[in-house]
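Down below is the structure, laid out as structure tokens.
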Amino acid sequence: MLQAAKLSAGYNGRAVLRDFSLQLVPGEVVALVGPNGSGKTTALRVLARTLTPFEGVLMLEGRPYAHYSPATFARHVAYAPQVNLPEMGFRVYELVLMGRYPHQKGFWGITESDRRAVREAMEQLDLWHLRDRLISQLSRGEQQRVNLARVLAQSARYMLLDEPTAHLDLRHQVRLLACLRQWSEEHQIAMLLVLHDLNLASEYADRLILISEGHLVAQGTPAEVLTPENLEAVYRVPALIRPHPLTGRPMVFALTPDLCPPQAPNAPTLFLIAGGGSGTSLYYPLLEQGWRLCVGVLNLLDTDEEAARALNIEILSEEPFSPISEGAYRRALERVQRSQAVVLTDAPFGQGNLRNLQLALFAQQAGIPVYALASRPIEERDFTNGEATRLWHALQQAGAQMFPDQPSLLNALQQAISREQNFSN
């Protein structure tokens, strides 16, 4: 295990890293993330022993760093900094071979073990066909992969990689991180990567360490670290977090402060009945049309609730995993009565949210126009033994407008708000 405790480090007497601690365990991939200038590179330099900390404790395999000679330390810890590779006529194979220097004994030269390690590292990063090329003849992305192959060839148990995906296109970023993860698992190597892309960090790292202004903010699984609260505190931008549709890992969507279109003081109100992610894609188009939105009744932690909160949309909510209470239903009724229109999405209905259908029926019977999205038959969304279907048909008979898809729904709502605005003028 590699351990750092209460590290403070910096340059010219000024601390850039403060009270920083971590543990690296062989077999795991850890991503160090944070804004520019937060101390990520400084942390790696201290861990790599290229920068002496002002204070703190550094331990490697239970022994202080000071107990290791440079060569012995290099057999345990490999470091790939953000530097340009030395050109000076070196060929790719020669530069990757430099990673074997800590394992070479005196003047005995290159061993078969060295050759195997170099070839394995180069093949892993798809570089073997470039082995005789001069470094100067490579693109920046290819040079980056050569630098990483040198580190892999070093066969250290701990690898510290500063922005390994820099200069790489999307295909090579994904392939590289998948390769590093596989290498870590197969060889039981701990990898600490500095990454700027939070979604790549979430997808390929076992743990994340989030730092800001030299201080540790959070560490843990991607789901524990990548929260809207942490990201807004550190990056100073609101963020929406959604699970990856295939892996379930959290994905980050940064929201610019001016994402929400400005609203007129007298904008008409639209009450949106949604749930389970059925309303999220309607929020922005409706705001852009000029509606003032209120959405409900949504359970806290519902996908639609989280998205509405990120956009500062008014929400009528209920406790997580709880049916709509009488109090929440009454508040929603009052808000519906002060709305100029109601939209009902094609959300599924169970006993917990059946009252949302009753809200829509109340609105239509009270003369408030209801626009319902019917892209899926109600029978496929009814988990109430037919109660939702009966309410849906009652809504149709009361005169609610039904739309087969989102574009036709939005078109009708655009016409509706135009009429509202013309009437107001």
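Count the sequence shown with this note's numbering and you get residues 1203 to 1627, in order.
Using N, Cα and C, we set each Cβ at its ideal position, and we do this for glycine too.
Predicted model, so just to flag it, every value in this text is computed and none were measured.
Those residues which DSSP pairs with residue i across a bridge
i	result
residue 1520	1501
residue 1473	1496, 1544
residue 1417	1414
residue 1491	None; residue 1491 has no bridge partner.
residue 1364	1396
residue 1212	1217
residue 1584	1551
residue 1575	1605
residue 1297	BP columns for residue 1297 are empty, so no partner.
residue 1453	1444
residue 1409	1232
residue 1262	1204, 1265
residue 1336	1293
Residue i to residue j span [Cα, whole Å]
i	j	result
residue 1309	residue 1302	Interpretation of residue 1309 is limited by its pLDDT of 49, a score under 50 that renders its predicted location unreliable; the figure taken from the coordinates is listed afterwards. Approximately 13 Å between the Cα atoms of the pair.
residue 1563	residue 1448	37 Å
residue 1631	residue 1516	In the structure displayed, the chain extends from 1203 to 1627; residue 1631 sits before or after that span and is not available.
residue 1204	residue 1278	10 Å
residue 1595	residue 1431	42 Å
residue 1356	residue 1345	17 Å
residue 1567	residue 1422	51 Å
residue 1404	residue 1284	22 Å
residue 1393	residue 1280	10 Å
residue 1588	residue 1328	59 Å
residue 1264	residue 1414	28 Å
residue 1241	residue 1491	44 Å
residue 1547	residue 1622	22 Å
residue 1457	residue 1534	28 Å
residue 1372	residue 1343	11 Å
residue 1348	residue 1524	55 Å
residue 1604	residue 1529	29 Å
residue 1335	residue 1292	9 Å
residue 1572	residue 1450	35 Å
residue 1304	residue 1453	40 Å
Of the listed residues the options, nearest to residue i (C-alpha basis)
i	options	result
residue 1553	1583, 1545, 1304, 1572	1583
residue 1237	1541, 1508, 1412	1412
residue 1484	1549, 1433, 1468	1549
residue 1390	1313, 1260, 1210, 1226	1226
residue 1536	1587, 1473, 1508, 1278	1473
residue 1551	1452, 1586, 1234	1586
residue 1234	1478, 1399, 1466	1399
residue 1590	1349, 1561, 1603	1561
residue 1435	1417, 1423, 1332	1417
residue 1262	1358, 1538, 1477, 1603	1358
residue 1323	1351, 1543, 1300	1351
residue 1312	1325, 1296, 1387, 1327	1296
residue 1466	1619, 1259, 1251	1619
residue 1570	1547, 1538, 1588	1538
residue 1559	1502, 1540, 1521, 1602	1602
residue 1498	1487, 1521, 1491	1521
residue 1294	1331, 1621, 1282	1331
residue 1543	1386, 1470, 1453	1470
residue 1475	1495, 1439, 1348, 1451	1495
residue 1211	1251, 1231, 1230	1251
residue 1513	1424, 1440, 1353	1440
residue 1354	1375, 1282, 1409, 1406	1282
residue 1502	1232, 1486, 1478, 1488	1478
residue 1541	1224, 1451, 1468	1468
residue 1612	1593, 1532, 1397, 1481	1481
residue 1200	1208, 1213, 1230	Summary: the structure shown does not reach residue 1200, with the chain confined to residues 1203 through 1627, and so no result is reported for it.
residue 1239	1437, 1214, 1274, 1230	1437
DSSP state of residue i mapped onto helix, strand, coil
i	result
residue 1422	strand
residue 1443	strand
residue 1275	helix
residue 1257	strand
residue 1309	Confidence in residue 1309 is poor, its pLDDT being 49 and thus under 50, which makes the residue's placement too unreliable to answer from.
residue 1564	helix
residue 1223	strand
residue 1280	strand
residue 1465	coil
residue 1203	coil
residue 1269	helix
residue 1233	strand
residue 1358	coil
residue 1513	coil
residue 1382	helix
residue 1593	helix
(Q) With three or more beta-carbon pairs closer than 8 Å as the criterion, would you say the region 1255–1266 touches the region 1205–1222? (A) Judged by pairs of C-beta atoms under 8 Å, the region 1255–1266 touches the region 1205–1222, as three or more such pairs exist.
Q. Is the number of C-beta pairs between the region 1360–1367 and the region 1245–1252 that are closer than 8 Å three or more?
A. Between the region 1360–1367 and the region 1245–1252 there are three or more C-beta pairs closer than 8 Å, enough to call the two in contact.
Q: Answer yes if the region 1495–1515 comes into contact with the region 1569–1581, meaning at least three C-beta pairs across the two stretches below 8 Å, and no otherwise.
A: They do not touch, by the three-pair rule.
Q) Is there contact between the region 1266–1278 and the region 1366–1380, where contact requires at least three CB pairs shorter than 8 Å? A) Contact between the region 1266–1278 and the region 1366–1380 is absent: fewer than 3 CB-CB pairs across the two stretches fall below 8 Å.
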